[in-house]
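Position 89, counted from 1, in the first sequence is what this note's numbering calls 91; the numbers after and before it change by one each time, with no gaps. The next block holds one structure in the form of structure tokens; read it before the comments.
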Amino acid sequence: MSNPQNQKQQPATAADGITPRATDYGQWYLDIVKRADLADHSSVRGCMVIKPHGYAIWEKLQRELDDRFKATGHVNAYFPLFIPLSFLAKEEEHAAGFAKECAVVTHYRLKSIDGKVTVDPESKLEEPLVVRPTSETIIWAQYKNWIQSYRDLPLLINQWANVVRWEMRTRLFLRTAEFLWQEGHTAHATEAEAREEVSRMLAVYADVAEHVMGVPVVRGHKTEGERFAGAIDTQCIEGMMQDGKALQMGTSHYLGQNFAKSADVKFLNQTGQLEYVHATSWGVSTRLVGALIMTHSDDNGLILPPKLAPIQVVIVPIYKTPEEQARTTAEAQAVASELRAQGLAVKVDDREGLQPGAKYYEWERKGVPVRIEVGPKDLEKGSLCVVRRFVLEQEGESEQDLRKRKKQFLPRAEAIAGMPALMDALQKELLARARAMREKKTRVIDTLADFEAFFKGEGGGFAWVHWAGTHADEDEMAKRYETSIRCIPFADQIPEAARGAGTCILTGRPSAQRVLMAKSY
RNA sequence: CGGGGCGUGGCUCAGCCUGGUAGAGCGCAAGGUUUGGGACCUUGAUGUCGCGGGUUCAAAUCCCGCCGCCCCGACCA
């Protein structure tokens, strides 16, 4: 201890096997994913296994999104996993954009040669099939048959599916070779209508991010360089993770008539003329689960917003004797059913042979928002011990005081009746906490010196800067500071202190408004 | 694709340099004592040491080849 130079840097892991954020944020993230039982590395390169707890979160997120898609007039359908190579090749820019990360099926049969199962060389496909990296091309090939008249428009379809992008480097949830997502693909008679759809769906994403996930986002347009391959306009929502890095959480694209032209999708308008339709596509993926983790969780494990928690309340009976066990367990079940009657997802942890403390740690690690302890004393007093997964931090507070603040002994009826309100409060607190974190790491910056100090000295975050550079200038910024333009924000997304015109931080050229720069995942 | 690391019970790893009966901790199973913040004792089960070849009386260990995964870069939701 007195001679740090001779000491190997021990990975400062908590007793729970979770590396503290301050030690290594990347490792912390992986530890949370594993210790909260969300996902595993699979034996397939770059692919993950989503475990039941992680999948349950995704299912809740799906439900929230799907309800909103339906409410905005969309319906679900399903298109093939395989895309003939020639389909993908039709839209040139699109094909080029995905060319370097495609899995390709070239054979359709196996054969046993000398006792070894191998690909039968004689089963070569005439045309290779690409495993979809996204479905625009296969969907538009179909839309050609579905659209003839303006009466067929708008066509508003969503697909829940898996896609494959052969990424070089992967991280659980954030970037995997195969991932789950939804992709909306719509066709419209006019540009205005299509652009409206693009904005509408981005708004849906922003709503889910903020009010379901509790993750504040900035909405804006991507720059030309970051645009979806084949799109005319790409809009996005960008969230900030606890390490100050930006994460793209969803995109919505105006595709113009590019895909209609390459798939030859025309319709007869009201005046009897043939026109190409206008297209949009929009998507969010299991990456959102990664965003959820990285925004809210702490060194003790996962923290989930109530709206996405597969288990919202866990009840732990406490006892010494078999007689107490019977009584507290019965009370736990009774409380559980009363809470369920209010629409809450409740679990009674009546496993034997585990001490209560062990259960507390486990459910905290897994992010359950509220725990109720039911002991003999509670039975006597008619009370319940209600413990929140988190409280808003206070400077310099001891671990013990923090624990005390999380814990409340309430009259039974009050605890039960107040639970929905508590869930609501926790949901809002998470968003507020994430907002505060983001504000703390956001700067309005006017000079390169300040920019450098922010990203190289302070650890970085969101920087509002004026920009009028070229694509090459963007690359220069990336090379120097590892930053990129996350988006050109909508006017109402720019904080007041950052509004107005100015001069480009790099080139000095005049700039009408600021852009959002950050390091990103 | 370039650089690095690692493959040994379910998990984390020791053993390899210097070849000689395959180990520890955790987990798991059974029984008992425990249980308001991570229990303990006793007993027990679990391994083609990544794969293939070579050297040797003898290979987890030495040599050659292969495969896989992880981390760091270039690519991306």
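A virtual CB, placed ideally from N, CA and C, is assigned to each residue, including glycine. Predicted model, so just to flag it, every value in this text is computed and none were measured.
- Task: Kindly list the residues whose CB is nearer than 6 Å to the CB of tyrosine 483, restricted to its own chain and excluding five residues on each side of it in sequence; keep chain order.
- Result: For tyrosine 483, where only same-chain residues beyond five positions count, the Cβ hits under 6 Å are Phe457.
- Do the CB positions of arginine 414 and leucine 386 come within less than 7 Å of each other? Yes, Cβ-Cβ distance for arginine 414 and leucine 386 is below 7 Å.
- If you run the structure through DSSP and keep just helix, strand and coil, what is threonine 509? In this structure, DSSP gives threonine 509 a state outside helix and strand, which the three-state scheme calls coil.
- Item | Pairwise C-alpha distance: valine 350 and glutamine 335 | The straight-line gap from Cα to Cα measures roughly 7 Å.
- Query: Taking all protein chains shown into account, do 16 or more other C-beta atoms lie within 10 angstroms of the C-beta of serine 4, making it buried, or fewer, making it exposed?
  - Reply: The predicted position of serine 4 is uncertain, since its pLDDT is 26 and thus under 50; a value taken from the coordinates is nonetheless stated next. So serine 4 ends up on the exposed side.
- Query: Which term fits threonine 444, buried or exposed, when burial requires 16 or more other beta carbons within 10 angstroms of its beta carbon?
  - Reply: Its Cβ being crowded by 16 or more others within 10 Å, threonine 444 is buried.
- How long is the line joining the alpha carbons of lysine 10 and tryptophan 30, rounded to whole angstroms? In this predicted model, lysine 10 has a pLDDT of only 25, less than 50, meaning its place in the structure is not dependable; the value taken from the coordinates is given anyway. Lysine 10 and tryptophan 30: Cα-Cα distance of roughly 20 Å.
- Tell me, which residues are paired with lysine 408 by DSSP? Bridge partners of lysine 408 according to DSSP: none are assigned.
- Message: Just to confirm before moving on: does the CB-CB distance between tryptophan 162 and alanine 105 stay below 7 Å?
- Response: Not closer than 7 Å, so no.
- Kindly list the residues whose CB is nearer than 8 Å to the CB of alanine 16, restricted to its own chain and excluding five residues on each side of it in sequence; keep chain order. Any answer about alanine 16 is weak, because its pLDDT of 46 lies below 50 and its placement is not dependable; what the coordinates show is given next. Closer than 8 Å at the Cβ level, and outside the excluded window around alanine 16, lie Pro22, Asp301, Asn302.
- Would you call the CB atoms of threonine 288 and tryptophan 60 closer than 7 Å? Taking 7 Å as the Cβ cut-off, threonine 288 and tryptophan 60 qualify as a contacting pair.
- Item | Where the alpha helix (DSSP H) through serine 151 begins and ends | If you look at serine 151, you'll find it isn't in any alpha helix (DSSP H); DSSP assigns it neither H nor E.
- Item | Reference isoleucine 418; option with closest CA among Asn160, Tyr523, Gly345, Ala436 | It is Gly345 whose Cα lies nearest to the Cα of isoleucine 418.
- Item | isoleucine 447: first and last residue of the uninterrupted alpha helix (DSSP H) it sits in | Isoleucine 447 -> no alpha helix (DSSP H), and no H or E assigned at all.
- Task: State the DSSP-derived secondary structure class of isoleucine 52, mapped to helix, strand or coil.
- Result: Looking at isoleucine 52 - three-state DSSP - the assignment turns out to be strand.
- Close Cβ partners of alanine 208 (< 6 Å) along its chain, the five nearest in sequence each way excluded: Cβ neighbours of alanine 208 beyond the five flanking positions: Val219, Arg221, Ile239.
- Query: Span of the alpha helix (DSSP H) holding aspartate 235?
  - Reply: DSSP places aspartate 235 outside any alpha helix (DSSP H); the residue lies instead in the beta strand (DSSP E), whose first and last residues are 235–242.
- Task: Using alpha carbons as the reference points, say which of Ala436, Asp448, Pro312, Val372 lies closest to leucine 40.
- Result: Nearest C-alpha to leucine 40: Pro312.
- If you follow the beta strand (DSSP E) that valine 206 is part of, which residue opens it and which one closes it? Counting along the chain, valine 206 sits inside no beta strand (DSSP E); it lies in the alpha helix (DSSP H) bounded by residues 193–209.
- Going by the CB atoms, is the gap between asparagine 160 and phenylalanine 144 shorter than 7 Å? Reading off the sequence shown, one finds glutamine at residue 144, where the question assumed phenylalanine. Going by beta carbons, glutamine 144 and asparagine 160 fall outside the 7 Å limit.
- Message: Check whether the segment 224–242 and the segment 65–80 are in contact - that is, three or more C-beta pairs closer than 8 Å.
- Response: No contact exists between the segment 224–242 and the segment 65–80.
- Message: So, with DSSP's three-state summary, where would you put isoleucine 305?
- Response: If DSSP states are grouped into helix, strand and coil, isoleucine 305 belongs with coil.
- Item | Buried versus exposed call for aspartate 33 [16 or more other C-beta atoms within 10 Å across all chains shown] | With 16 or more Cβ atoms within 10 Å of its Cβ, aspartate 33 is classed as buried.
- Hey, would you say glycine 359 sits closer than 7 Å to threonine 172, going by beta carbons? No, the Cβ-Cβ distance between glycine 359 and threonine 172 is not below 7 Å.
- Simplified DSSP state of glutamine 495, which is helix, strand or coil: Reduced to three states, the DSSP call for glutamine 495 is helix.
- Message: Quick check on this structure: which residue in Phe492, Glu340, Val46 has the alpha carbon closest to the alpha carbon of proline 422?
- Response: The shortest Cα separation from proline 422 among Phe492, Glu340, Val46 belongs to Glu340.
- Query: How big is the Cα-Cα spacing for valine 214 and alanine 97?
  - Reply: Roughly 35 Å separates the two Cα atoms.
- Counting Cβ pairs, one atom from each stretch, are 3 or more of them under 8 Å apart for the segment 70–78 and the segment 311–331? No: fewer than three Cβ pairs fall under 8 Å.
- Identify which residue in Asp18, Gly510, Val46 has its Cα closest to the Cα of lysine 36. The residue among Asp18, Gly510, Val46 with its C-alpha nearest the C-alpha of lysine 36 is Asp18.
- Message: Rounded to whole angstroms, what is the Cα-Cα separation between valine 206 and arginine 342?
- Response: CA-to-CA, the gap between valine 206 and arginine 342 works out to about 29 Å.
- Since I believe leucine 157 is in contact with alanine 191 (beta carbons under 8 Å), could you give me their beta-carbon distance rounded to a whole number of angstroms? The Cβ separation is near 10 Å, so there is no contact.
- On the DSSP bridge assignment, give the partners of tyrosine 278 in chain order. Partner(s): Lys268.
- Report back the beta-carbon spacing between tryptophan 469 and cysteine 506 to the nearest angstrom; my notes put them in contact at under 8 Å. By a beta-carbon distance limit of 8 Å, tryptophan 469 contacts cysteine 506. Their separation comes to about 5 Å.
- Message: Bridge partners for lysine 72 per DSSP, in chain order?
- Response: Residue pairing of lysine 72 in beta bridges, as defined by DSSP: absent, with no partner found.
- List in chain order: all unbroken alpha helix (DSSP H) runs of 4+ residues lying wholly within the segment 339–398. 358–367, 378–383, all fully within the segment 339–398.
- Query: Where does asparagine 8 land, buried or exposed, given buried means 16+ other C-beta within 10 angstroms?
  - Reply: Any reading at asparagine 8 must be qualified, since the residue scores a pLDDT of 24, below 50, and its modelled position is unreliable; the value itself is stated next. Classification for asparagine 8: exposed.
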